[in-house]
Amino acid sequence: MKNVSKTKITGIFGYPIKHTLSPAMHNAGFRALKLNYNYFPFEVKPEDLGPAVEAIKILNIAGVNITIPHKSEVLKFLDSIDPLAAKIGSVNTIVNNNGKLLGYNTDATGFIRDLKGKGFNPKNKRALLLGAGGAGRAVAAALSWAGAKSILITDSDENKARNLAKSVERARFVPLKDFRRELAGCGLLVNATPNGMHKGDKAVLNAGEFPPDIFFYDLVYNRETETLKNAKKAGASAAGGLGMLLNQGALAFELWTKRKAPIDVMNRALKRALK
Numbered sequence: 009m010k011n012v013s014k015t016k017i018t019g020i021f022g023y024p025i026k027h028t029l030s031p032a033m034h035n036a037g038f039r040a041l042k043l044n045y046n047y048f049p050f051e052v053k054p055e056d057l058g059p060a061v062e063a064i065k066i067l068n069i070a071g072v073n074i075t076i077p078h079k080s081e082v083l084k085f086l087d088s089i090d091p092l093a094a095k096i097g098s099v100n101t102i103v104n105n106n107g108k109l110l111g112y113n114t115d116a117t118g119f120i121r122d123l124k125g126k127g128f129n130p131k132n133k134r135a136l137l138l139g140a141g142g143a144g145r146a147v148a149a150a151l152s153w154a155g156a157k158s159i160l161i162t163d164s165d166e167n168k169a170r171n172l173a174k175s176v177e178r179a180r181f182v183p184l185k186d187f188r189r190e191l192a193g194c195g196l197l198v199n200a201t202p203n204g205m206h207k208g209d210k211a212v213l214n215a216g217e218f219p220p221d222i223f224f225y226d227l228v229y230n231r232e233t234e235t236l237k238n239a240k241k242a243g244a245s246a247a248g249g250l251g252m253l254l255n256q257g258a259l260a261f262e263l264w265t266k267r268k269a270p271i272d273v274m275n276r277a278l279k280r281a282l283k
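Just so you know, we're using this note's numbering here: the sequence shown kicks off at 9 and counts up by one.
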């Protein structure tokens, strides 16, 4: 069984998936270049990830993005992993190359591109990272490669944070209960957890806890989180994750289509979908 139509299918695997803006972004890009592609969201529970990945081959799906909570777990189901993704230990893009599934990570480059585009260069800066999951792994690696002076990593799963800190140059583990006292002297704070994705999620920090000279980057993109609002109230520079979504999405688009992504079109589509 496979897709025999001329339309190439792409999509995103995640759980939950209702929040995703990726279909709006990618479908706008496909239309702009008059490509016969379609992009769909697929809700894939953790226990169904293996069969879902196998279905990419069976149904001749051209490629998919991978999001929470599958970015690390998916590696074991792939035929080949790009060296960058293997080093990070996280895949967010799969390409189906004639039945062989190739895993890539576009999160790391997408994050750094947007961070620098927002006017913050992490070189020689001290950074504190909340979250050691798939997205956190990409952020930690990106900050290390970009020359961050030190990267402090914390997570509610302390073993996960410890292991990530051991694998990244100039990184060290910080217990979650202690991360607030480490903020002094940090130039960058990154939230790479799902906290804030849903209305009612409690802010990670109150406005009074933000150093005013810190840059806060929240990977959550589907809404302005309470933590992001508090950062702005404190006078800190702050950004949500929409730009990272755009940049990593453009890179994935190019892997699937071998065409330059129409990034302005995709950006406008994202902003419309967010309203």
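Glycine included, every Cβ here is placed at the ideal spot set by N, Cα and C. Bear in mind the structure is a predicted one, so any value in this text is a computation, not a measurement.
Alpha-carbon to alpha-carbon, residue j and residue i
{"i": "Val103", "j": "Pro220", "result": "42 Å"}
{"i": "Gly37", "j": "Ala192", "result": "42 Å"}
{"i": "Asp90", "j": "Glu62", "result": "19 Å"}
{"i": "Ala244", "j": "Leu41", "result": "39 Å"}
{"i": "Lys26", "j": "Pro54", "result": "16 Å"}
{"i": "Asn82", "j": "Leu57", "result": "In the sequence under discussion, the amino acid at residue 82 is Val, which differs from the Asn named in the question. Answer to the nearest angstrom: the Cα atoms are 7 Å apart."}
{"i": "Ala260", "j": "Asn105", "result": "14 Å"}
{"i": "Ile370", "j": "Arg189", "result": "Here the chain covers residues 9 to 283 and nothing more, so residue 370 does not appear."}
{"i": "Gly309", "j": "Ser30", "result": "Since the first residue of the chain shown is 9 and the last is 283, residue 309 is not available in this structure."}
{"i": "Ala149", "j": "Leu43", "result": "33 Å"}
{"i": "Leu109", "j": "Ser152", "result": "28 Å"}
Cβ-based neighbour list, residue i, same chain, cut-off 7 Å, excluding 5 preceding and 5 following
{"i": "Ala93", "result": "Val99, Gly111, Tyr112, Asn113"}
{"i": "Ser164", "result": "Leu184"}
{"i": "Cys194", "result": "Arg134, Ala135, Leu136, Ile222"}
Assigned exposure category for residue i - 16 Cβ within 10 Å defines buried
{"i": "His206", "result": "exposed"}
{"i": "Asn203", "result": "buried"}
{"i": "Lys241", "result": "exposed"}
{"i": "Lys16", "result": "buried"}
{"i": "Pro59", "result": "exposed"}
{"i": "Asn107", "result": "For the sequence presented, residue 107 should be read as Gly rather than Asn. Its Cβ having fewer than 16 others within 10 Å, Gly107 is exposed."}
{"i": "Lys210", "result": "exposed"}
{"i": "Arg145", "result": "buried"}
{"i": "Asp115", "result": "buried"}
{"i": "Ser13", "result": "exposed"}
{"i": "Asn255", "result": "buried"}
Cutoff 6 Å; reference residue i; Cβ partners in own chain excluding five residues on either side
{"i": "Ala32", "result": "Ala277, Ala281"}
{"i": "Leu197", "result": "Leu136, Ile222, Phe224"}
{"i": "Gly22", "result": "Thr75, Ile76"}
{"i": "Asn35", "result": "Tyr47"}
{"i": "Phe50", "result": "Gly19, Phe21"}
Is it a yes or a no for the stretch 224-238 touching the stretch 172-187, going by three-plus beta-carbon pairs under 8 Å? no
Counting Cβ pairs closer than 8 Å, one from the stretch 178-186 and one from the stretch 114-127, do we hit at least three? no
At a cut of 8 Å, does the stretch 146-165 reach the stretch 210-219 through at least three beta carbon pairs? no
Is the stretch 269-281 touching the stretch 128-135, taking contact as three or more C-beta pairs under 8 Å? no
Could you name each continuous alpha helix (DSSP H) segment of 4 residues or more that falls completely within the stretch 24-56, going from the start of the chain to the end? 30-40
Just list the beta strand (DSSP E) runs in the stretch 82-115, keeping only unbroken ones of 3 residues or longer that don't cross its boundaries, in chain order. 101-105, 108-112
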